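So the structure is just underneath, and the comments pick up after that.
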Amino acid sequence: MSVRISSLTLEGFKSFAGKVELAFPGNIIAIVGPNGAGKSNICDAIAWVLGEQSARLLRSQTMGDVIFAGSAQRPPAAAAQVTLILDSHPGHPDHRLEISRRILRDGTSEYRLGGRRVRLKDIQDKLAEAGLGTRAYAIIEQGRVSQVLSAKPTDRRALFEEAAGISHYRLRRHEAELKLAETKANLERVSDIVAEVKREYGSIRRQARQAQRHAQLREELQRVTTLLAVLRWAEAKGKLQALQQEVAAGEEQHAQKAAALAQVEAELLRIQRQWEEKAGELANLREEQARVAGQCQRLEAEEAACRRELDSLRSRQEQVAALLAQTEGQIQEEQLHQQELTQKLAQAEEEVGKVQEETVLREEAAKEAEKLAREAEAQAEEARQKLLRAVAAASEARNRFHRLQLEVEQIRYQQTRLSAERERLSQHLQQAAGEEQEASHRERECQAELEQVQVQQQKLQALVDQERKELKELAEKRDELEHRLWQVRHEREAVQRARAQLRALPQSLAKVLSDQQLAGTVADYLNPPPELAKTLDQAYGELLTLPVVQGEEAVERLLKASFSGEAVDVVIRDPQRLPPQGSLLSEAGALPQELGWLASALPPLALAQDPEEARRLATENPSLLVLLPGGSRRQGQRLRLGNGQRGPAGALHLKTREQELSAQETQLAEEKQKLLALVQAKTATFREHEHELAELSKVVRQKTEALAEASSRREARHRERTRLERELEALAVEASRLEGELAKAQENLAHAQAQAKVLEERAEGESARVDEATAAASAARSQASQAHTEAEKWRGQLALALERQRFAQRELSQHRQLAEKLAQEAERLRQELLELSQRQSQLQELLAQTRTQLEEALKLSASGQQKAAEAEAQVAQLKEQVEQQQHQAARAREEEQAALKALVDAQLRAAELAAELAHLQEALGGQPPEEIPQDVDRDALGQRQKELEQQLAQLGPVNELAVQQEKELEERFRFLSAQKKDLEESLESLRKSITELDTTCQERFLATLSAANELFGEVFRELFGGGEAQVLLSDPESPLDSGIEVKVRPPGKHTQSVLLLSGGEKALAAVALLLALFRIRPAPFCVLDEVDAPLDDLNVERLCQHLKAQAQQTQFLLITHNRRTMAHADVLYGVTMEEPGVSRVVSVRLEEA
């Protein structure tokens, strides 16, 4: 089964403002409607979605005009979109093809295939696979059917090529010709490039050899430099190991000297303590001796005893004073020594600050030097990149120069071809001017005859237009009445559905009670006026929808039933219950016998005019529900503000609204019947006048066709003359353009040559700058290395200064401790002097008491003198030992300082060697060498290093990229040679393909033309009831380029040109030709826009019969005003314009009606 249009969806396309979807289930679909309603826009939509690119063929000035432009009630659309669904097997989604096209106001357009965004070419390829090639006879727009015959023979050829199925062969031939020209140009360019690459290869090869020699020397220099660095590293490492051993020995010796100093100082402290203890014992003995002497003197004589005691005390005071003076002298010496040490510490700290500041400066200098080295290396790298870009730009400039040379040759060839074409067109122009004058004379004669008939037609047309206007107004009134009637009926049905939902009873009640026991809802017993209905809905709300049951039996059954999990409220109807007095329910339309039970089921209700009245009523009756203006209500002390009903309309409001709508519906139906009778009477009169107008229109049409034929002939000759003039003007413009292009191309050629030379000079300059930047980077790296070495040296001096500072701090701390001890001793001696004074007073008081103990005191005095003498000897001996120990401590301290200085010097030299070793290791790649070469002549290596540096200097700067460029050029030469060979083979293959395509096209076209000639004659005889028709080649010698001539002979006439046929004959002959082509190659679908307009009823019927017979292979979409055509359609769509500027579609399935 062939492809069919399944549906068409339009949104924002031309007059279709909203989304409109048209389904095409049948084989023949008719689209009808008044003129200007938008029928042809459907045809335009199909052409547009299939890829039409000409806005003129879409009856627009620009492609943006297809977007809905807006109306009085609707704003302009932002975009237009059309979706076409093609189906080859209805009911199978896998065989559906969905094509969509969308355009925005800014001109942005997109295509989608199956929802996926694609290109136009993808859609064209997909359509070609489905049997849809060009739109030559798939879409026949309004008025175009007659152009099939009036077109030039060469333009008519496209129809036959489409029928022959050679359009894609022609397209392939055109693509092959384009590829052929492109391949020739590519071959010429490749040949030029191969020659240029061959020339460059020799120069690059010499540079590569020089670069290889330079690389070998540089590599050998690197090996020699590395070997020398390894030897220096090994030598530095040996010295460093020796220094490290020396530092270890110095540290051990310093530790020994420090330990000896600590031992001597500890011994000094011990002896000093013994001396102090013996001095104390001596003082005690002297005190005891004085006491005994005092006792003796007191016994002998008070004055003599006191004098001796006083002498003894003075002696002791002098001794203590001497000790005190000695101690104070030592304190002063320690203070002076502390001042000296403080000055040394300040000097050490000042030295540390200076060295530290200098170290920071050296480190910053090293960092700055490192930064400058990196910047210099980056500049060198940037210079290399610029050199590469300059070399590439120079190469590109040379290639551009060769391309421009080729372009100049092409322009000169085109100038020669244009000159020959201008001579040919000038001859044709003279012939066309003579034919145009003859056609103008015939046109003036036909114009005079037509004007006489048109005067009569205008009078009758004015009467018909007036009657049509009246009928249109009546039809609009009828449509308006029908619309209003439909709205009222629709609203009434909606109200009925809403009431049915409100009156729906719970399922549990329906199961328990019978229909007789269920009496509706509470709202069914009220019939209030509209203004009261809304008030009652607000007051009672859902109470009005409660179900009503009647009879005690129903109540008993409800009480016995089980309603687990469900709460059900019902109202019991009791007509015997007495009604209350003054109830508002009586005004709500309730029957008197129903007021009693309704009043008991619903809360009492009253209306208040203001809040004061509402307060009074609520105070008098707290159970009374009082309604206030605005929807608020009050019940006792409870107040609800605003309208309480926020959901759907209430039950009473729906009930009154249903009654109102029923009355409106009855009234509108009566008005509709009256209007239909008036329309029938007017229509009968209109048809009589319209028939008269139709007869007169035939006469006008005949005259118009004669005039049109004459005008067409004149216009054709005029168009031909104008076309030739335009072509000559275009050729002149083209020649002028080519002259300008030639001058511009020659100017560009000279500019390209100069630019290539400038770029080559720039590349040489960039090469020199690369050498300068490389030398600057090497110097900056050397300065950075020296800065790092200097910084390491100052860091070692900083460590030495810090060690001196720490030693000064320790020595100052020791002397401060000794000064504190001496101060304590001085304080003790002062206390002793004080005690001696006190003792002197006590002895004078005790002189009288010791008289009896004189003898014992004398013995004790002798013994005390002996002990005091021994103690004095021990004190003197200990004092001598203290002095000796102090001299030993001073010597040990000097030895410890000497050892520390030697240690610091060794550490500083080790740090300098370690820095040198680290620098050498960094030069060796950051890792220590795995092995140290032995028996290497270091002097010979140094000499070889100088020789290599001299050889590199003699070579000078080289192109380090030359080796790589040589490989690339060699590879490029091989690649281009292979490309050249492929292009030559491709050129020969394209020539063969063009020859084969020409043969295939010629065979198919001639076979199709023969079949078309036979079928055209057959269909022509069927449509015309006789006659002859044939199609011929206008140039049989060139069938691939020849136009198609059409010759016909209607029944009873001589064979004549198709241009001399009447409008109806021309249209019918064109349809016959199209049907003949359809029989040869049926299109999957065909859109015919008012092709039956010029035909009478008999010919329309014949045409429809042919279309119906062809509908098994082709789906027809007919845009028509003819009722006979409508009668043969499977689906009928009507297009109207109820809203100005907006089209609306209605459909009828005639095959189901």
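Here the sequence shown stands for residues 1 to 1153, where the numbers follow UniProt numbering.
Glycine included, every Cβ here is placed at the ideal spot set by N, Cα and C.
Computed from a predicted structure; not experimentally measured.
For this session: Would you mind reading off the limits of the beta strand (DSSP E) that contains K14?
Result: Along the sequence shown, one-based indexing puts residue 14 at 14. DSSP places K14 outside any beta strand (DSSP E), giving it a letter other than H or E.
For this session: Determine the contact status of A554 and L602, defining contact as a CB-CB distance below 7 Å.
Result: Translated into the one-based positions of the sequence shown, residue 554 becomes position 554. Translated into the one-based positions of the sequence shown, residue 602 becomes position 602. The answer is no: Cβ separation not under 7 Å.
Exercise. Any idea which residues DSSP pairs V547 with across the strands?
Worked result: Translated into positions along the sequence shown, residue 547 becomes position 547. It should be pointed out that residue 547 corresponds to Pro in this sequence rather than to Val. Answer by DSSP bridge pairing, in chain order: T521.
Problem set entry | Segments of 4+ residues assigned as alpha helix (DSSP H) that fall wholly inside the stretch 144 to 201 | DSSP runs (the alpha helix (DSSP H)) wholly in the stretch 144 to 201: 147 to 150 and 153 to 164.
Exercise. Just the Cα atoms here: how many angstroms apart are S785 and E349?
Worked result: In the sequence shown, residue 785 corresponds to position 785, counting from 1. In the sequence shown, residue 349 corresponds to position 349, counting from 1. Looking at the two C-alpha atoms, the distance is approximately 30 Å.
Exercise. Leaving out five residues before and five after L917 in sequence, what residues of the same chain have Cβ atoms less than 8 Å from its Cβ?
Worked result: Within the sequence shown, residue 917 is the residue found at index 917, counting from 1. Closer than 8 Å at Cβ, skipping near neighbours: W233, A236, K237 and L240.
Exercise. Between which two residues does the beta strand (DSSP E) harbouring A1129 extend?
Worked result: Your numbering for residue 1129 matches position 1129 in the sequence shown. Neither: A1129 is in no beta strand (DSSP E) and is coded neither H nor E.
Problem set entry | CA nearest to the CA of E692, picked from Q461, L625, A475 and E491 | As a working mapping, residue 692 is identified with position 692 in the sequence shown. Cα-wise, what sits closest to E692 is Q461.
Exercise. From the DSSP output, which residues share a beta bridge with Q1115?
Worked result: Locating residue 1115 in the sequence shown gives position 1115, where the first residue counts as 1. Its beta-bridge partners are F1085.
Exercise. Who are the near neighbours of R1021 in its chain, counting only those whose CB is closer than 7 Å to its CB and skipping five residues on each side?
Worked result: In the sequence shown, residue 1021 corresponds to position 1021, counting from 1. Taking R1021 as the centre and dropping the five residues before and after it, the same chain places the C-beta of G1027 closer than 7 Å to its C-beta, in chain order.
For this session: Confirm, please, whether the CB-CB distance from R286 to A868 is below 7 Å.
Result: The residue you call residue 868 lines up with position 868 of the sequence shown. The residue you call residue 286 lines up with position 286 of the sequence shown. With contacts defined as CB atoms closer than 7 Å, A868 and R286 qualify as a contacting pair.
Problem set entry | A283 (DSSP reduced to helix, strand or coil) | Counting from 1 along the sequence shown, the entry for residue 283 is found at position 283. Judged by DSSP in its simplified three-state form, A283 adopts helix.
Exercise. Can you tell me whether DSSP reads T1136 as helix, strand or coil?
Worked result: On the sequence shown, residue 1136 is found 1136 positions in, with the first residue counted as 1. If DSSP states are grouped into helix, strand and coil, T1136 belongs with the strands.
For this session: Going by CA-CA distance only, name the one from E542, L231, E613 and Q637 that's closest to L652.
Result: Here residue 652 refers to the residue found at position 652 when the sequence shown is read from its first residue. The candidate whose alpha carbon is nearest that of L652 is E542.
Problem set entry | Coil, strand or helix - L22 by DSSP | Within the sequence shown, numbered from 1, the residue matching residue 22 stands at position 22. Here L22 sits in strand by DSSP.
Exercise. Per DSSP, what kind of secondary structure is S1143 in: helix, strand or coil?
Worked result: On the sequence shown, position 1143 is the one that residue 1143 refers to. In the displayed model, S1143 falls within a strand according to three-state DSSP.
Exercise. Within this structure, are the beta carbons of I204 and E764 separated by less than 7 Å?
Worked result: The residue labelled residue 204 in the question sits at position 204 within the sequence shown. The residue labelled residue 764 in the question sits at position 764 within the sequence shown. Judged by their CB atoms, I204 and E764 are not nearer to each other than the 7 Å cut-off.
For this session: Could you tell me the distance, in whole angstroms, from the CA atom of A902 to the CA atom of A773?
Result: Taking the sequence shown and counting its residues from 1, the one referred to as residue 902 is at position 902. Taking the sequence shown and counting its residues from 1, the one referred to as residue 773 is at position 773. Taken atom to atom, the span from the alpha-carbon of A902 to that of A773 is near 48 Å.
For this session: Check D569 in the structure and name its three-state DSSP category.
Result: The residue given as residue 569 occupies position 569 in the sequence shown. Of the three classes helix, strand and coil, the one that applies to D569 here is coil, per DSSP.
For this session: Find out if the Cβ-Cβ distance for the pair V82, F13 is shorter than 7 Å.
Result: Counting from one through the sequence shown, the residue named residue 82 turns up at place 82. Counting from one through the sequence shown, the residue named residue 13 turns up at place 13. Using a Cβ distance threshold of 7 Å, V82 and F13 count as a contacting pair.
Exercise. Do you know whose CA, among K859, A823 and E21, lies nearest A325's CA?
Worked result: Reading the sequence shown from its first residue, position 325 is the one you call residue 325. It is A823.
For this session: Answer yes if the stretch 43 to 55 comes into contact with the stretch 1129 to 1137, meaning at least three C-beta pairs across the two stretches below 8 Å, and no otherwise.
Result: Contact fails: fewer than three Cβ-Cβ distances are below 8 Å.
Problem set entry | Boundaries (first-last residue) of the alpha helix (DSSP H) holding D998 | To locate residue 998, count along the sequence shown from 1; it is residue 998. A962 to F1024 is the extent of the alpha helix (DSSP H) around D998.
Exercise. Who pairs with S100 in a beta bridge, going by DSSP?
Worked result: If you number the sequence shown from 1, residue 100 lands on position 100. Note: S100 is bridge-paired with T83 and R112 in the DSSP secondary-structure output.
Exercise. Applying the criterion that 16 or more other CB atoms from any shown protein chain within 10 Å of the CB defines a buried residue, is R646 buried or exposed?
Worked result: Position 646 of the sequence shown, counted from the first residue, corresponds to residue 646. Low local confidence applies: a pLDDT of 45 at R646 is under 50, so the model's placement there is unreliable, with the coordinate-based value given in what follows. Residue burial is scored here from C-beta neighbours: R646 has fewer than 16 other C-beta atoms within 10 angstroms and is therefore classed as exposed.
Exercise. R944 by DSSP, collapsed to three states: which one?
Worked result: Looking up residue 944 in the sequence shown gives position 944. Note: R944 maps to helix in three-state DSSP.
For this session: Could you name the residues that DSSP lists as bridge partners for V626?
Result: Here the question's residue 626 lines up with position 626 in the sequence shown. DSSP output for V626 lists A606 and R634 as bridge partner(s).
Exercise. Pairing CB atoms from the stretch 427 to 444 with CB atoms from the stretch 706 to 720, are three or more of them under 8 Å?
Worked result: Three or more beta-carbon pairs drawn from the stretch 427 to 444 and the stretch 706 to 720 are found closer than 8 Å, and the two stretches are therefore classed as touching.
Exercise. In chain order, what residues of the same chain lie with their CB nearer than 6 Å to the CB of I139, ignoring the 5 residues before and after it?
Worked result: The residue given as residue 139 occupies position 139 in the sequence shown. Counting only Cβ-Cβ distances below 6 Å, and skipping sequence neighbours, we find A47 and V1087.
Exercise. Under the three-state reduction of DSSP, which class applies to S7: helix, strand or coil?
Worked result: Along the sequence shown, read from residue 1 onward, the residue named residue 7 stands at position 7. Here S7 sits in strand by DSSP.
Exercise. With L798 and Q356 assumed to form a contact (beta carbons below 8 Å), what rounded beta-carbon distance in angstroms separates them?
Worked result: By 1-based counting over the sequence shown, the position of residue 798 is 798. By 1-based counting over the sequence shown, the position of residue 356 is 356. Approximately 6 Å separates the beta-carbon atoms of L798 and Q356; this is inside 8 Å, confirming the contact.
For this session: Spatial neighbours of Q640 within its chain, please: CB distance less than 8 Å, with the 5 preceding and 5 following residues excluded, ordered by chain position.
Result: Numbered from 1 along the sequence shown, position 640 holds the residue referred to as residue 640. According to the sequence as given, residue 640 is Arg; it is not Gln. Taken in chain order, the residues that qualify are S632, R633 and R634.
Problem set entry | Spatial distance of V548 from S600 (CA atoms) | By 1-based counting over the sequence shown, the position of residue 548 is 548. By 1-based counting over the sequence shown, the position of residue 600 is 600. So the alpha carbons of these two residues sit roughly 13 Å apart.
For this session: For V1146, count neighbouring C-beta atoms within 10 Å of its own C-beta (all shown protein chains included) and say buried if the count is 16 or more, exposed if not.
Result: Within the sequence shown, numbered from 1, the residue matching residue 1146 stands at position 1146. Looking at its Cβ environment, which holds fewer than 16 other Cβ atoms inside 10 Å, V1146 is exposed.
Exercise. Which value, in whole angstroms, describes the spacing of the CA atoms of L624 and L518?
Worked result: Here residue 624 refers to the residue found at position 624 when the sequence shown is read from its first residue. Here residue 518 refers to the residue found at position 518 when the sequence shown is read from its first residue. If I take the Cα positions, the gap works out to 29 Å.
For this session: Would you check if the stretch 982 to 992 and the stretch 1004 to 1021 touch, i.e. whether three or more CB-CB distances between them fall below 8 Å?
Result: For the pair of segments examined, the stretch 1004 to 1021 was found not to touch the stretch 982 to 992: the number of CB pairs separated by less than 8 Å stays below three.
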